[in-house]
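S.K.:
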Amino acid sequence: MAAPLKTKPISGLAASAALCIAALALTGCAAEAPEGQAEGSPLNKYMYAVWGSQEQDNSSFYKQQVKIEDQIAKCMAKEGFDYKPNLLSEEYLAAPAMESEDGLEMGTVAYAEAHGYRIFDSMFGPESKGDGTADEGEVDANAEYVSSLTDTEQQAYYEALNGNPVQEDSMEDLEDGEFPQIDWSKMGCYGAAQNDARGNAGLARDDPEYQELFEQMDKIYVETNDNGEEPIINEDVRKLNQKWADCVSKAGFDVQSPGQAQTMMMQESGKLTMGVDAAGAMTYREPSTEETEAFHAKEIKVAVADVKCQEKTHYEEERQKIVYGLEQKFIDEHKTKLDAMLVKYSSKKKEK
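For the sequence shown, the residue numbers in mature numbering (1 follows the signal peptide of the UniProt record, and there is no 0) are -30 to -1, 1 to 322.
1) First and last residue of the beta strand (DSSP E) that includes T253?
2) Run through DSSP, which three-state label would M46 get?
3) Measure the alpha-carbon distance for E238 versus V277 and round it to whole angstroms.
4) Quick check for students: name the residue ranges of the beta strand (DSSP E) that lie wholly in the region 190 to 275, counting only runs of 3 or more.
5) Determine the contact status of A111 and N195, defining contact as a CB-CB distance below 8 Å.
6) How long is the line joining the alpha carbons of V274 and T253, rounded to whole angstroms?
7) Please tell me whether K220 and T283 are closer than 8 Å, where the distance is taken between their beta carbons.
8) Excluding five sequence neighbours on each side, which residues of the same chain lie with their C-beta closer than 6 Å to the C-beta of K307?
9) If you drop the 5 nearest sequence neighbours on each side, which residues of the same chain put their C-beta closer than 6 Å to that of D52?
10) Report yes if the C-beta distance between residue 338 and E261 is below 8 Å; otherwise report no.
11) Which residues bound the alpha helix (DSSP H) around S114?
12) Quick one, which of Q35, K48, A84 and E287 has its alpha-carbon nearest N211's?
13) So, is G86 buried or exposed, given that buried needs 16 or more other C-beta atoms within 10 angstroms?
14) Let me check understanding here. Comparing Cα to Cα, which of A163, I190 and K48 lies closest to K291?
15) Whole angstroms are fine: how far does the CA of E83 sit from the CA of K271?
16) Given that a residue counts as buried once 16 or more other Cβ atoms are within 10 Å of its Cβ, and exposed if not, what is G161?
17) Sorted by chain position, which residues of the same chain lie with C-beta nearer than 7 Å to R208's C-beta, five sequence neighbours on each side aside?
18) Using the Cβ count rule (16 or more neighbours within 10 Å means buried), how would you classify N204?
19) Taking the alpha-carbon positions, what's the P257 to M244 distance?
20) Rounded to a whole number of angstroms, what is the C-alpha to C-alpha distance between S46 and R175?
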């Protein structure tokens, strides 16, 4: 297991996750509402009229994925490569997203006491295979085929599959705290299939007439987002985080937000497995049992303090109020344009 750390081209499944993050605020991924736009969000009326209903069961999502993967396979064949549809099983998709196998609900003290943030479980515990391979739900159906290709052929394969979805100037946007603009035409076979699946959400966002509208809408989520690394822009969220931080400090932890607490533990877990070989190159280091046990104990303590202080400060409810208030203000200021977008793209949806 002490193999050197290597980077490798992004897979179709990984690309999907990356693009969902990039488009999180507005284009939506699968059937989930973007962060800050749960049921009851003032913007639901507009966004779901464009996306379609939020209600989409696992079976419908699975069928949509089958369609996308079939399109990718046909496209890759034209490029001269074999490609097997890369699908998660319906059973895997049907697993409750907010529940663990022991029935504990994420976000509760009981869950935190048992699993922390689930970092130890996934990296060092029973869920980890210990060999860097994916779990059952994330198996790459094309791994064996790709490994049979030469390095040059592999590079050509991934360029045909994924292209280069995030351009250099888009990465600068991300560094500046803005959602990167995705050039779907440069995403290869995956991009062509995924872009088609976006339907009206993609059409609306790509429409120059509404580009500024979407950019201003993005700001709501950028300014209230807690990624654990960048400072929070929104003053009301900063005040809420300060109340949470004051609470957590009593448990002995100097962190400024829930996101920062998780990021801190993720970074510590990374340090446990980071080594340097004789040539100065970074390698994987097998941590000792004592190290992983100490990490697990700290992870549990931090997660429990986090959840208890979120409950004490009514963190999620208060943050939702802030986001919903900003959404309503946005609607009040841009209602005419939002209504025009709804008419333009919801009517197009009916024509299909």
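Cβ coordinates follow ideal geometry from the N, Cα and C atoms, glycine included.
M.R.: Based on what the coordinates show:
1) For the purposes of this step, residue 253 is taken as residue 283 along the sequence shown, with counting starting at 1. Its beta strand (DSSP E) spans residues M252 to Y254.
2) Counting from one through the sequence shown, the residue named residue 46 turns up at place 76. Assignment of M46 by DSSP, reduced to helix, strand and coil, places it in the helix class.
3) If you number the sequence shown from 1, residue 238 lands on position 268. If you number the sequence shown from 1, residue 277 lands on position 307. E238 and V277 have their C-alpha atoms some 20 Å from each other.
4) Secondary structure remark: continuous beta strand (DSSP E) runs of at least 3 residues inside the region 190 to 275, in chain order: 244 to 246 and 252 to 254.
5) Along the sequence shown, read from residue 1 onward, the residue named residue 111 stands at position 141. Along the sequence shown, read from residue 1 onward, the residue named residue 195 stands at position 225. No, the pair does not count as a contact, with Cβ atoms beyond the cut-off.
6) Residue 274 sits at position 304 when you count from the first residue of the sequence shown. Residue 253 sits at position 283 when you count from the first residue of the sequence shown. When rounded, the distance between both Cα atoms is 32 Å.
7) Taking the sequence shown and counting its residues from 1, the one referred to as residue 220 is at position 250. Taking the sequence shown and counting its residues from 1, the one referred to as residue 283 is at position 313. Not a contact, by the Cβ cut-off of 8 Å.
8) Counted from its first residue, the sequence shown places residue 307 at position 337. Within the same chain, K307 has close Cβ partners L183.
9) For the purposes of this step, residue 52 is taken as the residue at position 82 of the sequence shown. Y115, listed in sequence order.
10) Any question about residue 338 goes unanswered here, given that the chain covers just -30 to 322.
11) As a working note, residue 114 is residue 144 in the sequence shown. Note on residue identity: the sequence assigns Glu, not Ser, to residue 114. Run containing E114: A113 to S117, per the alpha helix (DSSP H) assignment.
12) Mapped onto the sequence shown, residue 211 falls at position 241. For the residues Q35, K48, A84 and E287, the minimum Cα distance to N211 belongs to E287.
13) Residue 86 sits at position 116 when you count from the first residue of the sequence shown. Residue environment for G86: buried (at least 16 other C-beta atoms within 10 angstroms of its C-beta).
14) Mapped onto the sequence shown, residue 291 falls at position 321. Nearest of A163, I190 and K48 to K291, Cα basis: I190.
15) Taking the sequence shown and counting its residues from 1, the one referred to as residue 271 is at position 301. Taking the sequence shown and counting its residues from 1, the one referred to as residue 83 is at position 113. Between the alpha carbons of K271 and E83 lies a gap of roughly 8 Å.
16) In the sequence shown, the residue the question calls residue 161 occupies position 191. Around the beta carbon of G161, a 10 Å sphere encloses 16 or more other beta carbons of the protein chains shown; the residue is thus reported as buried.
17) To locate residue 208, count along the sequence shown from 1; it is residue 238. These residues qualify, in order along the chain: I202.
18) Translated into positions along the sequence shown, residue 204 becomes position 234. Buried is the label assigned to N204, since at least 16 other Cβ atoms lie within 10 Å of its Cβ.
19) Counting from 1 along the sequence shown, the entry for residue 257 is found at position 287. Counting from 1 along the sequence shown, the entry for residue 244 is found at position 274. If you draw a straight line from the Cα of P257 to the Cα of M244, it comes to about 9 Å.
20) Within the sequence shown, the letter at position 76 stands for residue 46. Within the sequence shown, the letter at position 205 stands for residue 175. For the sequence presented, residue 46 should be read as Met rather than Ser. Distance between the alpha carbons of M46 and R175 is about 27 Å.
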